[in-house]
Amino acid sequence: MSKSGSSERIAIYPGTFDPVTNGHVDVAKRAAELFDKVIVCVAVNTLKAPLFTGEERVEMIRESVKDIRNIEVDEFNGLLVDYARRMEARAIVRGLRAVSDFEYEFQMALTNRKLCADIDTVFLMPHENYTYLNSTIVREIARFGGDVGEFVPPHVKLRLLKKFRT
Ligand code: COA
């Protein structure tokens, strides 16, 4: 139960989502099966200079998960644990695709736990079809005119086409 007395189990699924891929959507859907509410949140990774604006990334995620009743989409700029506390979340969801993700995720999860002991990180494995996927690869293929139809929802493919045409 959260501190406000609500028994709703809320999870935050944060990321850069530049752009959202089928792998992200798969993780969000799995989380939505486990929690009462999942907030997919476009957050700031200070090491990245995104191609899409925060607003564009939020719109693309919203369109991708519009059929799932208990997923909301948001954007924030600040410490993830502060946002999670504000939203009364119990968990942070992250996707684990391969062993190579582990060290980085482990570091983030333990740092977040140090900052806020009440919030746990839950790792979910996307479907094996998506384990090799990331947003950089998708942007790279789209930039050079390749077909990203297998990797992202159709509306994201259109946004990429438009972005690289201009
Ligand atoms: N399918 C496809 N790709 C996936 C994926 C999946 N299921 N899961 C992860 N990825 C990819 C992403 O596309 C991304 O690829 P890219 O590097 O090519 O863009 C990469 O794996 C990991 O990125 P992402 O999941 O978006 O995380 P991130 O490392 O960019 O974001 C934040 C990390 C934003 C959550 C973190 O920096 C944060 O919490 N920021 C807020 C500030 C804060 O609190 N900092 C302290 C954290 S300890």
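Heads up: the sequence shown begins at 6 in the numbering used here, then just goes up one per residue. The C-beta atom is built at its ideal place from N, Cα and C for all residues, glycine as well.
Inset, instruction - Between the Cα of A80 and those of C121, K162, I17, A36, spot the shortest distance and give me the residue it belongs to. - result: Translated into the one-based positions of the sequence shown, residue 80 becomes position 75. This sequence places Glu at residue 80; Ala is not what is there. It is I17 whose Cα lies nearest to the Cα of E80.
Inset, instruction - Return the first residue and the last residue of the alpha helix (DSSP H) that T141 is part of. - result: As a first step, residue 141 must be located in the sequence shown, where it is residue number 136. Boundaries of the alpha helix (DSSP H) around T141: 140-148.
Inset, instruction - Would you kindly work out how many angstroms separate the C-alpha atoms of F149 and I124, rounded to a whole number? - result: One-based indexing of the sequence shown puts residue 149 at position 144. One-based indexing of the sequence shown puts residue 124 at position 119. One Cα belongs to F149, the other to I124, and the distance between them is close to 41 Å.
Inset, instruction - Quick one: residues in its chain with C-beta nearer than 6 Å to the C-beta of L120, no 5 flanking neighbours on either side, listed in chain order? - result: As a working note, residue 120 is residue 115 in the sequence shown. Counting only Cβ-Cβ distances below 6 Å, and skipping sequence neighbours, we find V86.
Inset, instruction - Determine, using beta-carbon pairs with one atom in the stretch 50-58 and one in the stretch 111-120, whether at least three such pairs fall under 8 Å. - result: The stretch 50-58 is not in contact with the stretch 111-120.
Legend entry - Alpha-carbon to alpha-carbon, M65 and S105: Walking along the sequence shown from the start, residue 105 turns up at place 100. Walking along the sequence shown from the start, residue 65 turns up at place 60. M65 has its alpha-carbon roughly 27 Å from the corresponding atom of S105.
Legend entry - Per DSSP, cross-strand counterpart(s) of T126: Taking the sequence shown and counting its residues from 1, the one referred to as residue 126 is at position 121. According to DSSP, which records beta bridges pairwise, T126 is partnered with I97.
Inset, instruction - Would you check if the distance between the CB atom of N75 and the CB atom of A37 is smaller than 8 Å? - result: Position 70 of the sequence shown, counted from the start, is the residue given in the question as residue 75. Position 32 of the sequence shown, counted from the start, is the residue given in the question as residue 37. Contact: yes.
Legend entry - V161 versus V45 - alpha carbon distance: For the purposes of this step, residue 161 is identified with residue 156 of the sequence shown, where counting begins at 1. For the purposes of this step, residue 45 is identified with residue 40 of the sequence shown, where counting begins at 1. Rounded to whole angstroms, V161 to V45 spans 16 Å at the Cα level.
Inset, instruction - Assess, as a yes-or-no matter, whether the stretch 96-110 is touched by the stretch 123-139 under the definition of 3 or more beta carbon pairs within less than 8 Å. - result: As far as the Cβ criterion goes, the stretch 123-139 touches the stretch 96-110, which means the pair count is three or higher.
Inset, instruction - Spell out the partners DSSP gives K53 in its beta bridges. - result: By 1-based counting over the sequence shown, the position of residue 53 is 48. DSSP lists no partner for K53.
Legend entry - N-terminal and C-terminal residue of the alpha helix (DSSP H) that Y18 is part of: Residue 18 sits at position 13 when you count from the first residue of the sequence shown. Annotation for Y18: no alpha helix (DSSP H) segment contains it, though the beta strand (DSSP E) segment containing it runs 15-20.
Inset, instruction - List the whole-angstrom C-beta distance separating V157 from T26, where the pair is believed to meet the contact cut-off of C-beta under 8 Å. - result: Along the sequence shown, one-based indexing puts residue 157 at 152. Along the sequence shown, one-based indexing puts residue 26 at 21. In this structure, V157 and T26 form a Cβ contact; the two beta carbons are roughly 5 Å apart against a cut-off of 8 Å.
Legend entry - Candidates G83, R90, L56, R14: closest to K168 by CA position: Position 163 of the sequence shown, counting from 1, holds the residue named residue 168. Answer by Cα proximity: L56.
Inset, instruction - Please go through the same chain and pick out, in chain order, the residues whose beta-carbon is closer than 7 Å to the beta-carbon of A114, but skip the five residues on each side of it. - result: As a working mapping, residue 114 is identified with position 109 in the sequence shown. So the list reads T126, once near-sequence residues are dropped.
Inset, instruction - Tell me whether K168 sits in a helix, a strand or coil according to DSSP, three-state version. - result: The residue you call residue 168 lines up with position 163 of the sequence shown. In the structure shown, K168 adopts helical secondary structure according to DSSP, grouped into three states.
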